[in-house]
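With this note's numbering, you'll find the sequence shown wraps up at 723, consecutive numbering, no jumps. Just so it is clear, CB atoms sit at the ideal spot from N, CA and C, and this is done for glycine as well.
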Amino acid sequence: MKKRLLLCIWIMTGVIAGCSVEKTHTNKVNIEEVEIVAPNVQGAGWDLTARAMQKTLTEEKIFTKPITVTNKVGGSGDVGWKYTKQKGGHVLAINSSLLITNNLLGHSKLTYKDFTPLATLASDWEVVVVSKDSSIDNANELMEQLKQDKKNFKIGVAPGLGNDDHLSFVQVSKAFGINPAELQFFVYENKEKIINALTNKQIGAATMTLSEAEKQYKTGKIKILAVSAPKRLDRLPEIPTWKEQGINVIFQHWKGIMGPKDMTEEEVAYWDDVIKRMVESESWKGILRERGWESFYKGSGETRGFLEESHEWYGGMVKFSD
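Here's what the structure looks like:
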């Protein structure tokens, strides 16, 4: 009887201790508010992603404290990322391939290793567009004109060279037999300025993500000549792919989220749990459908490996874009 009593006391002590340890672990992360940095203007891809997170986390009550989105514009993302680097675990930033290529091109000293990867969130497709008044009606006409007039035909890109908008078109050019180093890319701060440049005939074409082009396309300001998806999209079935127009290119543009470098293991585990619940929610899935984004979720550990692989891949892309 005495042995049984001791065993029960030992078991109960273990259970209580276990509960106590779990509570202590949870209490190590005490985040009263969150700031999500979008390193570009409102309405740009990074901003749309940040606000999608804000909306989902709030609506689904996954994070019940205040969430603010801060736009830090400049340096092809560099201004916002430098700001994030100096903050604590309550400040997160949206990222994309520019975090890698800015450094590869010598535009920034920051690398993906200066931050804590938290997740890869979603992907978008790339498109090439012309103004509604352009005489160019399809991708082959565009590429033939480029081939004949490389030095005078101007292509708009924002917010900087080396991003997926730029590199997707580099791939297309190479597949069509054009040396991308001979093309005339003009850099703009944001997509609104690109649309104005197209309308004013300052550039002949532009490369951007579908989600950034869709509104202007639906209002009749621009024509979309090709999308970088493997097949036509259900919501815009009239837009042909590069592949069906004889140019074998498929290109996904990804977006993720990261925090400062010195985040604790507990903070990373906390955000892993929060973001996983977010991407599994109906609110998030609804935003993906609405924006035409693809789910591209990877947790913090998988994202770290993805960034390492991407660094190698983009390194090769940047070399043949020079």
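Nonlocal neighbours in the same chain, by C-beta distance under 8 Å from residue i, ignoring five residues either side
i, result
"Glu703", "Thr521"
"Val480", "Pro440, Lys473 and Val474"
"Thr610", "Gly446, Asp525, Trp526, Glu527, Val528, Asp565, Asp566 and His654"
"Ile544", "Note that residue 544 is Met in the sequence shown, not Ile. Cβ within range, chain order: Val573, Ser574, Phe577, Ile579 and Ile648."
"Val442", "Asp448, Asn472, Val474, Glu590, Asn591 and Glu593"
"Lys533", "Gly621, Lys622, Ile623 and Lys624"
"Lys466", "Ile432, Glu433, Glu434 and Val435"
"Val675", "Leu458, Ile463 and Phe464"
Nearest-angstrom Cβ-Cβ length linking residue i and residue j, presumed shorter than 8 Å
i, j, result
"Asp566", "Thr608", "5 Å"
"Met679", "Leu458", "6 Å"
"Ile648", "Phe577", "6 Å"
"Ile463", "Val435", "About 11 Å separates the two Cβ atoms, so there is no contact after all."
"Pro581", "Leu708", "Actually they do not touch by this definition, with Cβ atoms about 24 Å apart."
"Val430", "Tyr671", "4 Å"
"Ser612", "Gly693", "6 Å"
"Leu500", "Tyr513", "5 Å"
"Tyr701", "Val669", "It should be pointed out that residue 701 corresponds to Ser in this sequence rather than to Tyr. Going by Cβ atoms, the distance from Ser701 to Val669 rounds to 5 Å, so yes, they are a contact pair."
Residue i - partner residues in DSSP beta bridges
i, result
"Glu436", "Thr469 and Val492"
"Glu527", "Thr610"
"Phe554", "Paired residues: none, contrary to the question."
"Trp655", "Ser524"
"Leu637", "Leu634"
"Thr517", "Gly660"
"Ala627", "Val529"
"Gln603", "The partner list for Gln603 (beta bridge, DSSP) is empty, contrary to what the question assumes."
"Val588", "Val558"
"Thr642", "Val628"
"Lys699", "Thr521"
7 Å CB neighbourhood of residue i in its chain, flanking five on each side removed
i, result
"Glu691", "none"
"Asn539", "Leu626 and Gln646"
"Lys699", "Ala520, Thr521 and Phe707"
"Met718", "Leu568 and Val571"
"Gln455", "Ile437, Ile468 and Val470"
"Lys677", "Gly700"
Cα-Cα separation, residue i to residue j
i, j, result
"Arg633", "Gly489", "43 Å"
"Thr485", "Ser497", "15 Å"
"Val650", "Ala630", "8 Å"
"Gln546", "Gly478", "32 Å"
"Val661", "Val438", "Position check: residue 661 holds Pro in this sequence, whereas Val was assumed. So the alpha carbons of these two residues sit roughly 12 Å apart."
"Val530", "Ala614", "8 Å"
"Leu689", "Phe697", "10 Å"
"Leu584", "Lys552", "7 Å"
"Leu493", "Lys720", "31 Å"
"Lys619", "Glu667", "45 Å"
"Phe586", "Glu542", "18 Å"
"Glu681", "Thr450", "16 Å"
"Gln487", "Lys616", "35 Å"
"Gly476", "Leu599", "23 Å"
"Pro638", "Phe652", "18 Å"
"Arg452", "Arg705", "24 Å"
"Met483", "Leu511", "Contrary to the premise, residue 483 reads as Lys rather than Met in this sequence. Approximately 8 Å, taken between the alpha carbons."
"Val588", "Gly444", "18 Å"
Spatial neighbours of residue i in its chain, beta-carbon cut-off 6 Å, leaving aside the 5 residues before and after
i, result
"Ile640", "Ile625 and Val628"
"Glu695", "Ser524"
"Gly563", "Thr502 and Leu506"
"Ile432", "His491"
"Glu460", "Ser684"
"Gly605", "Phe554 and Lys555"
"Phe784", "Residue 784 is absent from the model: the chain starts at 402 and stops at 723."
"Ile596", "Gln617"
Burial state of residue i, where buried means 16 or more other Cβ atoms lie within 10 Å
i, result
"Thr665", "exposed"
"Pro560", "buried"
"Gly557", "buried"
"Ser509", "buried"
"Ser536", "exposed"
"Asn746", "Here the chain comprises residues numbered 402 to 723, so residue 746 is not present and cannot be evaluated."
"Lys656", "buried"
heavy atom of the ligand GTP below 7 Å from residue i C-beta
i, result
"Leu689", "Of the ligands one can find in the structure shown there are none, so the ligand GTP has no counterpart to examine."
Minimum Cβ-Cβ distance from residue i to chain D less than 8 Å
i, result
"Met718", "Of the chains in the structure shown, none is chain D; there is only one protein chain."
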